[in-house]
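Enquirer: In this note's numbering, the protein residues as written are 1 to 248.
By construction, the Cβ of each residue, glycine as well, lies at the ideal position given by its N, Cα and C atoms.
Nothing here was measured: the structure is a model prediction, and the numbers come from that model.
Sending over a structure as structure tokens; questions will come in a sec.
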Amino acid sequence: MCINKKISIPVIAAILLFPLYVFAETLVFGVFENIPPFQYQENAQFKGIDIDIANELSRQLNVKIEFKELPWARMKKYAEEGSIDAILSMFCMDKYLNIVDYAESPIKSVISVFALKESNINVKNLDDLKGKKIGVIRGYTYSSEFSNYKDLRKIECNNDGEVLKRLNEGRIDVAVAESIPFHFLAKKQGIDDKLNELYTISENKLCIGFSKKALGPESKVWADKTVKIFDELIENGFIQNVMDKNLK
Numbered sequence: 001m002c003i004n005k006k007i008s009i010p011v012i013a014a015i016l017l018f019p020l021y022v023f024a025e026t027l028v029f030g031v032f033e034n035i036p037p038f039q040y041q042e043n044a045q046f047k048g049i050d051i052d053i054a055n056e057l058s059r060q061l062n063v064k065i066e067f068k069e070l071p072w073a074r075m076k077k078y079a080e081e082g083s084i085d086a087i088l089s090m091f092c093m094d095k096y097l098n099i100v101d102y103a104e105s106p107i108k109s110v111i112s113v114f115a116l117k118e119s120n121i122n123v124k125n126l127d128d129l130k131g132k133k134i135g136v137i138r139g140y141t142y143s144s145e146f147s148n149y150k151d152l153r154k155i156e157c158n159n160d161g162e163v164l165k166r167l168n169e170g171r172i173d174v175a176v177a178e179s180i181p182f183h184f185l186a187k188k189q190g191i192d193d194k195l196n197e198l199y200t201i202s203e204n205k206l207c208i209g210f211s212k213k214a215l216g217p218e219s220k221v222w223a224d225k226t227v228k229i230f231d232e233l234i235e236n237g238f239i240q241n242v243m244d245k246n247l248k
């Protein structure tokens, strides 16, 4: 084999750096502050169902994903300004289409009404909530119907943990919450068997939202690639395995 030894230093540098250039792209994903088992931190590490899925996307898309923990209002603002590249999990709503391109997630958000079994409360529709003290998270949109429903006594709390605590102590009659995170929290506290999930208020599609401002025309490209990967992850059982692992 004949090797040309007169290769210039810039050429050598370019050859050495080329792999770094290929793999150097980083996407910053906005994540919520604490929604186990979907998104949360443990020992300074991001964990949860959404995080596991995002890490697999990172591998298949051949990009590095960094997570930035933000409250919803700031996360939406950052996506609008282009300060983050994507929102890891958000409701698929038309009103956000001017900000992001959606990749619909295989996971849905189910909003339910909970009560203690010992209360014997029964809820079959929103009318049945009238006259009851309803625990909700301050500023959270559960569904347009529930948000706009009049004559409901909503007791605002800071998070699901506070809602669950008040419910368990009998300070509220019912709780409105996302089903999976609320059950997960109750299991961790050893009180899930005390709860009745009475009524489903809404089922909402969840999406990864790729910022149009940050990514430009590529936001649609990233979204389309992600949808294809989601289809594969459903087919090969990855999504179910992640759910099973995180819901133990």
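#1: Under three-state DSSP, which class holds Tyr-21?
#2: Give me the Cα-Cα distance between Leu-70 and Asp-52, rounded to the nearest whole angstrom.
#3: Comparing alpha-carbon positions, which option in Asp-85, Lys-165 and Thr-200 lies nearest Phe-210?
#4: Give me, in chain order, the residues of the same chain whose beta-carbon lies closer than 8 Å to that of Asn-158; leave out the 5 immediate sequence neighbours on both sides.
#5: Going by CA-CA distance only, name the one from Lys-154, Leu-164, Ser-109 and Leu-57 that's closest to Ile-201.
#6: Specify, as a first and last residue, the run of the beta strand (DSSP E) that Phe-292 falls within.
#7: Give me whichever residues DSSP pairs with Ala-175 in a beta bridge.
#8: If we define contact as Cβ-Cβ less than 8 Å, is Gln-45 a contact residue for chain B?
#9: Quick one: what does DSSP say Lys-93 is sitting in, helix, strand or coil?
#10: What do you reckon, are the CB atoms on Asp-173 and Lys-220 nearer than 8 Å?
#11: So the alpha helix (DSSP H) Gly-161 belongs to, where does it begin and stop?
#12: What residue does the beta strand (DSSP E) around Asn-196 start on, and which one ends it?
#13: Looking only at its own chain, which residues have a Cβ that is under 8 Å from the Cβ of Tyr-199, when we skip the five neighbours before and after it?
#14: Touch check for the segment 27–34 and the segment 80–95: three-plus C-beta pairs under 8 Å?
#15: Just grab the DSSP bridge partners of Lys-47 for me.
#16: Mark Gln-39 as exposed unless 16 or more other C-beta atoms lie within 10 angstroms of its C-beta, in which case mark it buried.
#17: Would you report the Cα separation of Met-93 and Leu-167, rounded to the nearest angstrom?
#18: Looking only at its chain, what residues have a beta carbon closer than 7 Å to the beta carbon of Ile-234, apart from the 5 residues adjacent to it on each side?
#19: Can you tell me whether Leu-247 is buried or exposed? The criterion is at least 16 other CB atoms within 10 Å of its CB, across all chains shown.
#20: Between which two residues does the alpha helix (DSSP H) holding Ile-239 run?
#21: Applying the 10 Å Cβ sphere with the 16-neighbour rule, what's the burial state of Asp-160?
#22: Spatial neighbours of Ser-143 within its chain, please: C-beta separation below 8 Å, excluding the five flanking residues on both sides.
#23: Can you check whether the CB of Asp-101 is closer than 8 Å to the CB of Lys-212?
#24: Can you tell which of Lys-77, Ala-54, Asn-196 and Val-176 has its C-alpha closest to the C-alpha of Phe-230?
#25: Taking the Cβ atom as the reference point for each residue, do Ile-99 and Ala-79 lie within a distance shorter than 8 Å?
#26: Which term fits Thr-141, buried or exposed, when burial requires 16 or more other beta carbons within 10 angstroms of its beta carbon?
#27: Mark Ala-175 as exposed unless 16 or more other C-beta atoms lie within 10 angstroms of its C-beta, in which case mark it buried.
Expert: On the basis of the supplied data:
#1: Caution is warranted here: a pLDDT of 37 is assigned to Tyr-21, below 50, making its placement in the model unreliable, and no coordinate value can be reported.
#2: 18 Å
#3: Asp-85
#4: Ile-137 and Arg-138
#5: Ser-109
#6: Nothing can be reported for residue 292, as the shown portion of the chain is limited to 1 through 248.
#7: Phe-114 and Gly-135
#8: Annotation note: the requested chain B is absent from the structure, which comprises a single protein chain.
#9: It is Met, not Lys, that sits at residue 93 in the sequence shown. Three-state result, Met-93: coil.
#10: no
#11: 160–168
#12: 195–211
#13: Cβ neighbours of Tyr-199 beyond the five flanking positions: Ser-112, Val-113, Val-123, Lys-124, Asn-125 and Asp-128.
#14: yes
#15: Tyr-40
#16: Result: buried.
#17: 30 Å
#18: Pro-106
#19: Using a 10 angstroms sphere on the CB of Leu-247, the tally of other CB atoms stays under 16, which defines it as exposed.
#20: From DSSP, the alpha helix (DSSP H) with Ile-239 extends over 238–246.
#21: buried
#22: Excluding sequence neighbours, Ser-143 sits near Ile-111, Ile-201, Ser-202 and Asn-204.
#23: yes
#24: Ala-54
#25: yes
#26: exposed
#27: buried
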